[in-house]
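Participant:
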Amino acid sequence: MGDQSQVIDDTHELTKKVIDSLHSKEIYCLRDWIKKFFTQVKGRYDVGGWAKLIGALDEKSASGKVNFRSQQNEYIVQLEIILDEVQMTVDDFEQLYNMKNESNVQFHDKAKNLAEARNRFESMKFSGEMEKYEEPLRKLFRALKIWYRC
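Going by the numbering used here, the sequence shown opens with residue 5, and the numbers climb by one from there.
Structure, rendered in structure tokens:
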């Protein structure tokens with residue numbers, strides 16, 4: 005009787021996880037709308053600064069930093085001005101940016117930061133047609149580590 009109860013409990017827990025996962029995927033489907041929103045923000049943003057802003061967001065996310073670097077402040081201030089017009093904050097924007105990235109992680113890759121991605125890369129086996137990508141990817145991770153200062 006105890007085994008049967010455990011199986012029922014395990015099944016219930018698994019069902020709950022599957023339902024939660026489906027809800028997450030349903031929510032992540034909104035990433036197309038996030039992309040459209042970002043396109044609108046980008047259109048209002050200084051052309052050269054947009055790439056710097058996205059770079060700052062990527063760096064902060066990939067390195068696990070809590071704050072932006074002081075050199076990135078001008079890009080954040082410009083974003084604040086744009087978002088203020090629609091009663092949004094930089095934190096709102098970051099949350100949407102992270103959600104979009106997390107949805108990509110859900111569908112493509114489980115690495116959430118640079119260290120995890122590098123560790124995953126190091127454990128991969130490159131063979132045949134894929135061998136030619138190993139060294140450029142190694143250099144990519146080295147470059148990001150330098151640029152993100154982590």
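For glycine and all other residues, C-beta sits at the position ideal for the given N, C-alpha and C.
(1) Determine whether the beta carbon atoms of residue 66 and residue 152 lie at a separation below 8 angstroms.
(2) For residue 103 and residue 12, which I take to be in contact (beta-carbon distance under 8 angstroms), what is that distance rounded to the nearest angstrom?
(3) Determine the direct distance from the alpha carbon of residue 8 to that of residue 64, and round the result to whole angstroms.
(4) Which ranges does the alpha helix (DSSP H) cover as unbroken runs of at least 4 residues, wholly within the region 96–145, from first to last along the chain?
(5) Rounded to the nearest angstrom, what separates residue 92 and residue 14 at their Cα positions?
(6) Residue ranges of each alpha helix (DSSP H) run of no fewer than 4 residues wholly in the region 53–95, ordered along the chain?
(7) For residue 60, count neighbouring C-beta atoms within 10 Å of its own C-beta (all shown protein chains included) and say buried if the count is 16 or more, exposed if not.
(8) Take every Cβ of the region 37–51, pair it with every Cβ of the region 68–84, and state whether three or more of those distances are shorter than 8 angstroms.
(9) In the structure shown, what three-state DSSP assignment does residue 152 receive?
(10) Once you ignore the five residues that flank residue 117 on each side, which residues in its own chain have a CB closer than 8 angstroms to its CB?
(11) Quick check on this structure: which residue in 51, 76, 52 and 20 has the alpha carbon closest to the alpha carbon of residue 62?
(12) Would you report the Cα separation of residue 122 and residue 51, rounded to the nearest angstrom?
(13) Where does residue 50 fall in DSSP's three states?
(14) Alpha carbon to alpha carbon, how far is residue 20 from residue 143? Give it in angstroms, no decimals.
(15) Between the C-alpha atoms of residue 130 and residue 139, what's the straight-line distance to the nearest angstrom?
(16) Rounded to the nearest angstrom, how far is the Cβ of residue 145 from that of residue 125, given a contact under 8 angstroms?
Facilitator: Short version:
(1) Stepping through the sequence shown from its first residue, residue 66 is reached at position 62. Stepping through the sequence shown from its first residue, residue 152 is reached at position 148. Yes, the pair counts as a contact, with Cβ atoms nearer than the cut-off.
(2) Reading the sequence shown from its first residue, position 99 is the one you call residue 103. Reading the sequence shown from its first residue, position 8 is the one you call residue 12. Going by Cβ atoms, the distance from residue 103 to residue 12 rounds to 35 angstroms, so no, they are not a contact pair.
(3) Counting from 1 along the sequence shown, the entry for residue 64 is found at position 60. Counting from 1 along the sequence shown, the entry for residue 8 is found at position 4. Whole-angstrom Cα-Cα distance: 48 angstroms.
(4) 118–127
(5) Counted from its first residue, the sequence shown places residue 92 at position 88. Counted from its first residue, the sequence shown places residue 14 at position 10. Spanning the two alpha carbons is a distance of roughly 42 angstroms.
(6) 77–88
(7) Against the sequence shown, residue 60 aligns to sequence position 56. Classification of residue 60: buried, given that the 10 Å Cβ count is 16 or more.
(8) yes
(9) Along the sequence shown, read from residue 1 onward, the residue named residue 152 stands at position 148. Three-state result, residue 152: helix.
(10) Start at 1 with the first residue of the sequence shown, and residue 117 comes out as number 113. Excluding positions up to five away in sequence, the list reads 65, 66, 67 and 68.
(11) Reading the sequence shown from its first residue, position 58 is the one you call residue 62. Cα-wise, what sits closest to residue 62 is 76.
(12) Walking along the sequence shown from the start, residue 122 turns up at place 118. Walking along the sequence shown from the start, residue 51 turns up at place 47. In a straight line, the C-alpha of residue 122 is about 31 angstroms away from that of residue 51.
(13) The sequence position of residue 50 within the sequence shown is 46, counting from 1. Coil.
(14) Start at 1 with the first residue of the sequence shown, and residue 143 comes out as number 139. Start at 1 with the first residue of the sequence shown, and residue 20 comes out as number 16. Cα to Cα, the separation comes out at about 42 angstroms.
(15) Numbered from 1 along the sequence shown, position 126 holds the residue referred to as residue 130. Numbered from 1 along the sequence shown, position 135 holds the residue referred to as residue 139. Between residue 130 and residue 139, the C-alpha separation is close to 10 angstroms.
(16) Residue numbering aside, residue 145 sits at position 141 when the sequence shown is read from its first letter. Residue numbering aside, residue 125 sits at position 121 when the sequence shown is read from its first letter. Confirmed, about 6 angstroms.
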